[in-house]
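Enquirer:
Residue numbers (full-length UniProt numbering): 1 to 220.
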């Protein structure tokens, strides 16, 4: 039994979460086949929840099913990747413009999460940085109270999760990310939404640029 041995009643949802985490960490690469029997053994479950979980991920566009091949991690064309980021920009900007002035608790949460980003390599490597960066931005987006839009945005982030492992998460990039987050917190706290959006545009464009450079040889 693996470290994932504790399976909740909704086993397929648990498996879907674990597979998505593996993809985000780069354990499954774009275009790589996901063997159901191996995955079931690793997660300590039967093939039934694995099959159902992969169907869920297929509906989200994260994996693709091909006859006689099975499930593979979806490979995005560069044009589709850019479109996903353009859609993210539209939704993220709307959420921020609809957000009320953040409470002290929200600001405290953002600063605590940004500390996790700063300490990520020491505590858990690239995977910890990716997770903390996600949590930082969604703590900000959830402050809008627009739960449906936040769920749709989560889907867009999940769609491109397989490509985050190629970023250069070196010390220089990490320092810039943490500094960018501090600026975003200040703008959010001060109610300067347009400046916050401007900061996020630069932050997002840098991420997309690095992703494109790293992924060009792998894309369709």
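No residue lacks a Cβ here, since even glycine has one placed at the ideal position from N, Cα and C. On a predicted model such as this, the values are computed, not experimentally measured, just so you know.
(1) By DSSP's criteria, residue 197 is part of a beta bridge. Which residues make up the other side?
(2) Should residue 78 and residue 198 be called a contact, given that it needs their Cβ atoms to be closer than 9 Å?
(3) Pairing CB atoms from the stretch 142 to 156 with CB atoms from the stretch 82 to 98, are three or more of them under 8 Å?
(4) Could you check whether residue 208 and residue 85 sit closer than 9 Å to each other, using their CB atoms as the reference points?
(5) For the 8 Å Cβ check, are there 3 or more pairs between the stretch 127 to 140 and the stretch 108 to 118?
(6) According to DSSP, is residue 32 part of a helix, a strand, or is it coil?
(7) Would you list the residues sitting across from residue 63 in a DSSP beta bridge?
(8) Who are the near neighbours of residue 120 in its chain, counting only those whose CB is closer than 7 Å to its CB and skipping five residues on each side?
(9) Specify, as a first and last residue, the run of the alpha helix (DSSP H) that residue 86 falls within.
(10) How long is the line joining the alpha carbons of residue 161 and residue 14, rounded to whole angstroms?
(11) Pick helix, strand or coil for residue 24, following the three-state DSSP scheme.
(12) How is residue 17 classed by DSSP in three states: helix, strand or coil?
(13) Skipping 5 residues on each side, what residues in its chain have a beta carbon closer than 7 Å to that of residue 239?
(14) Please state if the CB of residue 33 and the CB of residue 72 are separated by a distance shorter than 9 Å.
(15) Confirm the yes/no value for this check: CB of residue 77, any heavy atom of the ligand ZN, distance under 8 Å.
(16) From residue 100 to residue 176, what distance separates their C-alpha atoms?
(17) Rounding to the nearest angstrom, what Cα-Cα distance links residue 103 and residue 44 in this structure?
Expert: Taking the coordinates as given:
(1) BP columns for residue 197 are empty, so no partner.
(2) no
(3) yes
(4) yes
(5) yes
(6) coil
(7) 73
(8) 128, 129, 132
(9) 78 to 98
(10) 17 Å
(11) helix
(12) helix
(13) Examination of residue 239 is not possible in this model, given that the chain is present from 1 through 220 alone.
(14) yes
(15) With respect to the ligand ZN, the structure offers nothing, as it holds no ligand at all.
(16) 27 Å
(17) 42 Å
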